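One structure is given below, encoded as structure tokens.
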Amino acid sequence: MKVDLIIQARWIIPVEANSVTHENHALVINDGKIIDLLPWLQAGHKYQANTVEKLHDHALLPGLINSHTHASMNLMRGIADDLPLMDWLQNHIWPLEQKWMSEAFVRDGTELAIAEMIRGGTTCFNDMYFFPDIIAQQAIHHGIRASVGLILIDFPTVWAENSESYIEKGLAVHDQLRHEPLISTPFAPHAPYTVSDQPLIKARTFADELELQLHMHVHETAHEVEEQLQKTQQTPIQRLDQLGLLNPSFMAVHMTQLTKQDIKLFAGTGAHIIHCPESNLKLASGFCPLAQCIDAGINVALGTDGAASNNDLDMFGEMRTAALLAKAVAGDASAVPANTILEMATINGAKALGIEHKTGSLTAGKAADVIAIDLSAIETQPLYEPISQIVYAANRQQVTDVWVAGKQLLKQGELTTINLAELSEKITSWQTKLRS
Ligand SMILES: [Zn+2]
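Just so we're on the same page, my numbering is the position in the sequence shown counted from 1, plus 44.
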């Protein structure tokens with residue numbers, strides 16, 4: 045049988061099917077999809093490929109899924125560090141956004157983030173920001189998969205003036221993108237403290253009707269929880285549950301400050317948690333009790349949050365931080381092992397985003413969203429256990445090749461859809477403006 049591509053690799057970690065690692069296997073790709081996974085020799089007999097990639101020092105993995113970010117905020121990386129969350133938001137980030145937010149800001153910031161993500165092995169990102177149409181345009185143009193949140197917030201911005209127009213514009217963006225194979229469009233109400241009941245109920249109704257996910261920051265800080273308790277004698281989770289938001293299409297980002305009751309209530313709804321450990325650490329927001337949430341049966345995915353509070357979109361760094369932090373918080377070194385962390389960065393993200401039928405594992409029938417990591421470097425030698433090595437010792441500079449839906453976006457370390465010199469020029473000009 046004739047096929048487009050065979051990738052031979054030293055190790056293939058499909059992620060689904062219980063953290064198996066196949067040695068000296070080949071991944072067979074045709075028409076943008078994975079069609080087979082079998083030993084090198086058998087692949088050679090069974091298929092004739094237009095291209096054969098020989099990656100004999102490498103591990104192949106499903107592309108990493110960054111389940112929560114604000115791509116455009118890459119333009120504000122490092123502009124206001126070492127500040128408490130509310131000071132950081134109210135006195136730095138929001139005024140800068142108010143002054144500079146525009147289509148051009150989102151276009152260039154998103155391109156910068158996409159370049160960083162592809163180079164670091166991320167093949168899909170779940171975004172929440174203004175001008176979702178522009179974010180989607182950039183993702184499609186550069187070939188990366190994206191879940192582009194239809195932002196909803198009570199106060200006016202350059203994107204929309206009130207909650208009605210946020211929803212109206214969001215629905216128009218959804219309509220325009222609904223046939224794009226790389227794009228999905230969840231509703232993205234910003235947070236319990238910035239969106240009131242009526243728009244939340246509306247977003248839920250439309251999400252149900254159109255079968256869209258919902259993506260929201262929830263229980264980010266103790267302050268948020270206390271404020272809600274004072275107002276309504278409910279935690280934000282209880283309020284969202286009462287409004288009918290919590291169900292298997294809901295993604296709650298952050299989820300620090302959880303009581304046992306919160307965890308039990310949340311687990312019963314089938315909703316997902318997006319864990320962003322580095323952002324929580326940097327803003328001193330608190331800790332998500334990861335081991336307890338997983339034990340309760342909650343699907344937990346992993347995200348970096350925006351570059352202004354991290355300060356990178358590095359899913360390798362995020363995996364390591366999540367693993368280490370989970371052990372410290374649980375007081376148990378055996379809590380949340382490396383293979384669980386890798387699932388959080390891949391298949392669990394696909395489940396949270398509602399796209400596990402398309403991506404998240406190297407499974408026949410799914411899109412060929414694949415990354416290769418060169419493990420021959422001295423920093424990852426000796427190598428006893430590839431998954432453990434990838435989570436605890438490898439870094440994103442070891443990612444050499446990246447495919448999304450069978451299209452190669454990174455080839456031996458070089459981006460194929462982004463001109464770095466031109467991108468750098470645009471970023472320098474934004475730096476000058478934002479600092480002025
Ligand atoms: Zn966020």
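Glycine residues also receive a C-beta, built at the ideal position from the N, C-alpha and C atoms.
This one's a predicted model, so the numbers in the text were calculated from it and none came from an experiment.
Asked                                                                                                                 : Found
Whole-angstrom C-beta distance between S63 and I431, which should lie under 8 Å                                       : 6 Å
Best match in N68, L254, A340, L104 for proximity to D306 [C-alpha to C-alpha]                                        : A340
At least three beta-carbon pairs within less than 8 Å, the segment 359–375 to the segment 186–206                     : no
C-beta contact flag for T4 and I178 at 8 Å                                                                            : The question about residue 4 has no answer, for the chain in this structure spans 45 to 480.
Sheet register partners of L194 (DSSP bridge)                                                                         : Y173, F231
Whole-angstrom distance between T476 and L454, CA atom to CA atom                                                     : 30 Å
Simplified DSSP assignment, three categories, for I4                                                                  : Only positions 45 to 480 of the chain appear in the structure, and residue 4 is not among them; the question remains open.
Those residues which DSSP pairs with E67 across a bridge                                                              : W55
Complete alpha helix (DSSP H) runs within the segment 100–156 (minimum length 4 residues, chain order)                : 129–132, 138–144
Heavy atom of ligand 1 within 7 Å of D349 beta-carbon                                                                 : yes
Pair within 8 Å by beta-carbon distance, G187 and G107                                                                : no
Residue range of the unbroken beta strand (DSSP E) whose run includes V446                                            : 443–448
A382 at chain B interface by Cβ criterion, 8 Å                                                                        : Note that chain B does not occur in the displayed structure, where there is just one protein chain.
Exposed unless 16 or more other CB atoms sit within 10 angstroms - verdict on H298                                    : buried
Neighbourhood of N392 by C-beta distance below 7 Å, restricted to the same chain and skipping five residues each side : N343, V344, A345
Whole-Å CB distance - I211 paired with A180, under 8 Å assumed                                                        : No, I211 and A180 are not in contact; Cβ-Cβ is about 17 Å, not under 8 Å.
M161 - partner residues in DSSP beta bridges                                                                          : Answer by DSSP bridge pairing: none, since M161 is not bridged.
I385, enclosing alpha helix (DSSP H) - first and last residue                                                         : 382–388
C-beta contact flag for L467 and A159 at 8 Å                                                                          : yes
Inter-stretch contact (C-beta, 8 Å, three-pair minimum) for the segment 352–362 and the segment 394–404               : no
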